[in-house]
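Colleague: Taken in sequence, the protein lines are chains A and B.
Our numbering numbers the first residue of the first sequence as 1 and each following residue consecutively.
Our numbering numbers the first residue of the second sequence as 1001 and each following residue consecutively.
Questions regarding the structure given below will be posed in turn.
2 protein chains.
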Amino acid sequence: MTKSPPTSDPAALDALDRRLLTELAVDGRITNSALARRLGVAESTCLQRVRALRERGVIRGVHADIDLAAVGYPIQAVVKVRLGSHNRDHVASFHEVIAQVPGALRILHVGGEDDYLIHVAVASTQELRDLVLEHVNVHPVVRHTETQIVFEEIPGVGVL
Amino acid sequence: MTKSPPTSDPAALDALDRRLLTELAVDGRITNSALARRLGVAESTCLQRVRALRERGVIRGVHADIDLAAVGYPIQAVVKVRLGSHNRDHVASFHEVIAQVPGALRILHVGGEDDYLIHVAVASTQELRDLVLEHVNVHPVVRHTETQIVFEEIPGVGVL
DNA sequence: CCTGAAAGCCCCATGTT
DNA sequence: AACATGGGGCTTTCAGG
């Protein structure tokens, strides 16, 4: 052990912060006054809390959830990728490549059977094929890919 | 062919709608007046468009993006699930079970080697084990699960 | 469908406890 | 750290093009 745990965690969240985050996760456009009312605190207090959480990076941003099928991307898939080498430089250069994959909803570097899982949304199956061939398989460190079509997304209970 | 395509798609989006959606996907808390200014239309027009898109379900909601590690869920994983039977009733009952998995960020029903991919966030590896054993493997239709730890999420370019 | 104006409400800086 | 206040800005409705 070369470092001891912090005596007071600067990232500690109290109950008010947690309730606030839960509300904003459900409705990111709730007004500050409505949020303050719901939490039972003054508007100014509420505003200060939200700002602090933003500045600390606990709130990363607020984003609209768009129906991708309605905007021309009716097809989703998960592309599982396995590399032939896990050399640090190869992995780094691969990161730069997959970060540019058009239509990527989420890119995860994982441990286990696969190395990367890429969740994508595309306009057509042709586009999906082109995406895999031209943006993933092109990289020489890629040994294997497998594409799984998304039939359905099942709404879960979430984490908050 | 038992039905012909609609002569005018009620879900058609024009260029204004698309620009508006892109802005809201980036910053879901942008004010209506700022959005109107950016798009070069009257505030009332902008408000009406956003409302219509919400009512049509194109905008599903607006949610805060929270740093899960900061709120006590530092570990993420993807659980790949394979079923022993693809009978419709079995699948339906399995849906109800996995929809209740605590900490599920995303649940995808996919085609191919696996049947389901569950992206979860948990407080500890112990909790991860318990989650898989008690909420996924318990179901008799589950033949196989494999859990892959998420090392890193790589920011992509997105779809909009 | 889009606009402009007007009433009302919200945001948030400031001062106080 | 939390609260009360007030000016300026934002939201939202509605009549009109």
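Glycine is no exception: its CB is placed at the ideal position from the N, C-alpha and C atoms.
Note that this is a predicted model, so its numbers are computed, not measured.
Rounded to the nearest angstrom, what separates L24 of chain A and A1064 of chain B at their Cα positions?
Modeller: Their Cα atoms are separated by approximately 5 Å.
Colleague: Whole angstroms are fine: how far does the CA of L68 of chain A sit from the CA of T125 of chain A?
Modeller: Each residue's alpha carbon lies about 15 Å from the other.
Colleague: The beta strand (DSSP E) spanning R1143 of chain B covers which residue range?
Modeller: Residues V1142 to I1154.
Colleague: Tell me which same chain residues have a C-beta within less than 8 Å of the C-beta of I1066 of chain B, skipping the five on either side of it?
Modeller: Cβ within range, chain order: n/a, list empty.
Colleague: Is it right to say A92 of chain A is buried, meaning 16 or more other beta carbons lie within 10 angstroms of its own, or is it exposed?
Modeller: Result: exposed.
Colleague: Report the three-state DSSP secondary structure of I107 of chain A (helix, strand or coil).
Modeller: Reduced to three states, the DSSP call for I107 of chain A is strand.
Colleague: Can you tell me whether A99 of chain A is helix, strand or coil according to DSSP?
Modeller: Note: A99 of chain A maps to coil in three-state DSSP.
Colleague: So L1083 of chain B is in the alpha helix (DSSP H); what residue range does that whole segment cover?
Modeller: L1083 of chain B -> not in any alpha helix (DSSP H); beta strand (DSSP E) instead, spanning I1075 to L1083.
Colleague: Return no unless some Cβ of chain B is closer than 7 Å to the Cβ of I107 of chain A.
Modeller: So yes, I107 of chain A belongs to the interface.
Colleague: Quick one: Cα of T22 of chain A to Cα of V1132 of chain B, how far?
Modeller: If I take the Cα positions, the gap works out to 25 Å.
Colleague: For R1082 of chain B, which of B:Q1076, B:S1033 and B:G1111 has the nearest alpha-carbon?
Modeller: Here the closest residue by C-alpha is B:G1111.
Colleague: Have a look at R1049 of chain B and R1019 of chain B and give me their C-alpha separation to the nearest angstrom.
Modeller: Distance between the alpha carbons of R1049 of chain B and R1019 of chain B is about 11 Å.
Colleague: Between the alpha carbons of E146 of chain A and D115 of chain A, how many angstroms are there, rounded?
Modeller: Rounded to whole angstroms, E146 of chain A to D115 of chain A spans 12 Å at the Cα level.
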